[in-house]
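S.K.: Pasting a structure below so you can have a look.
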Amino acid sequence: MKLPVIRHMLAHVEEHGEERINDVVETLEFYAEARGLKDEEVEVIGEIISNLFGTIEVQNDIDAGTRKSQALNNFMGRVLGSIENQ
Numbered sequence: 004m005k006l007p008v009i010r011h012m013l014a015h016v017e018e019h020g021e022e023r024i025n026d027v028v029e030t031l032e033f034y035a036e037a038r039g040l041k042d043e044e045v046e047v048i049g050e051i052i053s054n055l056f057g058t059i060e061v062q063n064d065i066d067a068g069t070r071k072s073q074a075l076n077n078f079m080g081r082v083l084g085s086i087e088n089q
C-alpha cells in the first residue's frame with residue numbers, strides 16, 4: 004500500500020463520498036476475473052484495490068474523529084504490524 008496514493012484518494016472521498024470508491028472496487032474486482040489478463044495485470048489491479056480499501060479505512064477513522072495525519076499513521080502502523088506478524 005502506498006501512503007501518498009491513499010492520501011491523494013482521501014480528497015476524492017471527501018468530494019464524492021465513499022460509495023463511489025466502493026463502486027470502483029466492485030468494478031475492478033469484476034474486471035480482474037476476465038480471461039486473458041496476465042498475472043502482472045491482476046497484481047496491479049490488486050494493488051489498486053488495496054489502496055482503495057486503505058483509503059476507506061483511513062476515512063472511517065477520520066469520520067470517527069481522528070485527525071487525518073493520525074488516521075494515516077494509525078493505518079500504516081496496522082499495515083506494518085500485519086506484515087511483521089506474517
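Here this note's numbering is used: position 18 in the sequence shown is 21, and no number is missing along the way.
Beta carbons are placed, not taken as given, at the ideal position from N, Cα and C, and that holds for glycine.
Taking the CB atoms as reference points, tell me whether Asn54 and Val16 lie closer together than 9 Å.
M.R.: no
S.K.: If you run the structure through DSSP and keep just helix, strand and coil, what is Met79?
M.R.: Residue state, collapsed to three classes: helix.
S.K.: With contact counted as at least three CB pairs below 8 Å, one residue from each stretch, are the stretch 67 to 82 and the stretch 36 to 50 in contact?
M.R.: no
S.K.: Using a 10 Å radius around the Cβ and a threshold of 16 neighbouring Cβ atoms, would you call Ala14 buried or exposed?
M.R.: When all chains shown are included, Ala14 counts as exposed.
S.K.: For the alpha helix (DSSP H) holding Glu22, just list the boundary residues, first then last.
M.R.: 21 to 35
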